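Enquirer:
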Amino acid sequence: MGTPEFAVPSLEALLKSDDQVVGIVTQPDRPKGRGQQLSLSPVKVIAQREGLPLLQPTKMKDPGFMAELSEWKPDVIAVAAFGRILPPAILSLPPRGCINVHGSLLPKYRGAGPIQWALINGETETGITTMLMDEGMDTGAMLLQASMAISPDDTAGSLSARLAEIGGRLLVDTLARLKAGTLTPRPQDHSQATLAPLLKKEDGAINWAMPALSIANRIRGLTPWPGAFTFLNTDRWTICRAAVISEATALPPGQIMALRKDAIHVATGQGVLAIHELQPANSRRMPAAQYLAGHPLQVGMQLDQAAAL
RNA sequence: CGCGGGGUGGAGCAGCCUGGUAGCUCGUUGGGCUCAUAACCCAAAGGUCAGAGGUUCAAAUCCUCUCCCCGCAA
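Once you know that position 58 of the first sequence is 55 in the working numbering, the rest is easy, because the numbers rise by one and skip nothing.
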């Protein structure tokens, strides 16, 4: 079971492994994009390519879905970024249990946005944990863990891609060792748990009163989704890449304090943030240098959390 | 039929409302200045104004249609 890009390497790894994939579950097609076009989840695309049985339940407790799932008689259900809570009936369906591939070093960052929150909090290390799912939110007993260094220029996109690859390997490894009986589930230390809730659009609003470093981390964690944004008057900017400049400033947070050839320097609550890449509304992502070529900005202009009307 | 913006030398944009010689910033090339430079100065190259049709003496500009791109929303 899985849905987005993050789940793809896990699925591919399973397909190449000795284990047989008897069926795939992913979220229903939803109207997306500009028009009203239905979009297929990345996982569904692979399921179709491989010609594998596919279920796309609207509700987890749908009797028809449950019946079909039981028909498959899975030994184990592997779950990667599926996006739905599994009811007890499903958790107890496979004899060997439901194995989740989670994008953090549990018990830290339980929830739907572990990769993003790790970046937002400025972590330098994260990882993948496989675990036996229980009814809680990422609270099950851990099976295997692999850690990975976070690079200073990682974004949620780049980090997620690397973690997903490791996740695939770890999943196959986990299944093999479970089958061999050489793996003992290890309960999480719940006192150390932290939460990483799903991000919302509004989490992307940049608060310029925060320190430059925090803003930069937040931008990394929110790129490419849901995107960190700010407003210049009525124009919305999504900030794609920015760097901290160690320089003190007493200017009001959000004020443009300098224009460089390839960067826009903005005052923050503590220090200066250099915007290197942005995506203006109605336009595509571009380096600051290109934006400046066609939009003469002036020092003293004010960036804000909300559109100025 | 979800709402909206856009397609103008290599890049980013202005010009369109109020038709009349194609403009800005950057890049490129050549030259100059300088101890030196990604800095500065001078010069040059480079565009069937997305495409088709229409209106007009005249269309980037007004009208109609087509294609492509993007933001929001989901």
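The beta-carbon is built from N, C-alpha and C at its ideal position, and this holds for glycine as well.
Keep in mind that this is a model prediction, so the values were computed, not measured.
Can you name the residues that DSSP bridges to A44?
Expert: Its beta-bridge partners do not exist; DSSP assigns none.
Enquirer: May I ask you to list the residues that DSSP assigns as paired with E9?
Expert: Answer by DSSP bridge pairing: none, since E9 is not bridged.
Enquirer: Could you have a look at Q189 and say whether DSSP puts it in helix, strand or coil?
Expert: Here Q189 sits in helix by DSSP.
Enquirer: Put N97 into one of helix, strand or coil per three-state DSSP.
Expert: N97 falls in the strand class under three-state DSSP.
Enquirer: Considering just the uninterrupted stretch of the alpha helix (DSSP H) at R159, what are its terminal residues?
Expert: Start and end: 153 to 177.
Enquirer: Less than 7 Å between C-beta atoms, sequence neighbours within five positions excluded: which residues of the same chain meet that for L52?
Expert: Excluding positions up to five away in sequence, the list reads G20, V22, F62, E65, L66.
Enquirer: Can you confirm whether the stretch 123 to 130 touches the stretch 93 to 100 when touching is taken to mean that 3 or more C-beta pairs between the two stretches lie within less than 8 Å?
Expert: Yes: the two stretches touch, three or more of their Cβ pairs being nearer than 8 Å.
Enquirer: Can you give me the Cβ contacts of W114 inside the same chain, cut-off strictly under 7 Å, excluding the 5 residues immediately before and after it?
Expert: The residues are Y106, A193, G218.
Enquirer: Give the secondary structure of R215 by DSSP, where H, G and I count as helix, E and B as strand, and everything else as coil.
Expert: Three-state DSSP puts R215 in a helix.
Enquirer: Could you say which of T55, E244, R166, I212 lies nearest to A10 if we only look at CA atoms?
Expert: Considering only alpha carbons, the answer is R166.
Enquirer: Could you check what DSSP says for P84 in three-state terms: helix, strand or coil?
Expert: Coil.
Enquirer: Per DSSP, what kind of secondary structure is S36 in: helix, strand or coil?
Expert: Of the three classes helix, strand and coil, the one that applies to S36 here is strand, per DSSP.
Enquirer: Measuring only the C-alpha atoms, how far is F3 from Q267?
Expert: If I take the Cα positions, the gap works out to 35 Å.
Enquirer: For K198, collect the residues of the same chain with a Cβ closer than 7 Å to its Cβ; drop the 5 residues on either side in sequence, then sort them by chain order.
Expert: So the list reads P223, once near-sequence residues are dropped.
Enquirer: So R116 is in the alpha helix (DSSP H); what residue range does that whole segment cover?
Expert: For the record, residue 116 in the displayed sequence is Leu; it is not Arg. Its alpha helix (DSSP H) spans residues 111 to 117.
Enquirer: Nearest to G108 by CA position, among G133, E47, T0, A213, is which residue?
Expert: Ranking the options by Cα distance to G108, first place goes to G133.
Enquirer: For the candidate residues A153, L175, I96, whose alpha-carbon lies nearest to that of A225?
Expert: Comparing Cα-Cα distances from A225 to each of A153, L175, I96, the minimum goes to A153.
Enquirer: Looking only at C-alpha atoms, which of L129, C237, L294, I112 sits nearest to P92?
Expert: Nearest option by C-alpha distance: L129.
Enquirer: Please name the residue in P1, G(-1), V5, S14 whose C-alpha comes closest to that of A173.
Expert: Comparing Cα-Cα distances from A173 to each of P1, G(-1), V5, S14, the minimum goes to S14.
Enquirer: Are the CB atoms of V263 and L300 nearer to each other than 7 Å?
Expert: It is a contact, given that the beta carbons lie within the stated cut-off.
Enquirer: What three-state label does DSSP hand Q276 in the structure shown?
Expert: Q276 falls in the strand class under three-state DSSP.
Enquirer: Return the Cβ separation of V296 and A255 in integer angstroms, given the expectation that the two are a contact with Cβ distance under 8 Å.
Expert: About 6 Å; that satisfies the 8 Å criterion.
Enquirer: Using C-beta distances below 7 Å, list every residue in its chain close to P1, excluding the 5 sequence neighbours before and after it, in chain order.
Expert: So the list reads S38, P39, A78, once near-sequence residues are dropped.
Enquirer: Would A213 be called buried (16 or more neighbouring beta carbons within 10 Å of its own) or exposed?
Expert: With 16 or more other Cβ atoms within 10 Å, it is buried.
Enquirer: List the DSSP bridge partners of P284.
Expert: Beta-bridge pairing links P284 to E274.
Enquirer: Give the secondary structure of M128 by DSSP, where H, G and I count as helix, E and B as strand, and everything else as coil.
Expert: Strand, per DSSP.
Enquirer: Comparing C-alpha positions only, which one of I74, R257, Q302 sits nearest to D200?
Expert: It is Q302 whose Cα lies nearest to the Cα of D200.
Enquirer: Since S144 is in the alpha helix (DSSP H), which residue starts that stretch and which ends it?
Expert: Counting along the chain, S144 falls outside any alpha helix (DSSP H), though it belongs to the beta strand (DSSP E) covering 139 to 146.
Enquirer: Using 8 Å as the threshold, is the stretch 269 to 276 in touch with the stretch 237 to 255, meaning 3 or more CB pairs across them?
Expert: The stretch 269 to 276, when compared against the stretch 237 to 255, does touch it at the 8 Å Cβ threshold.
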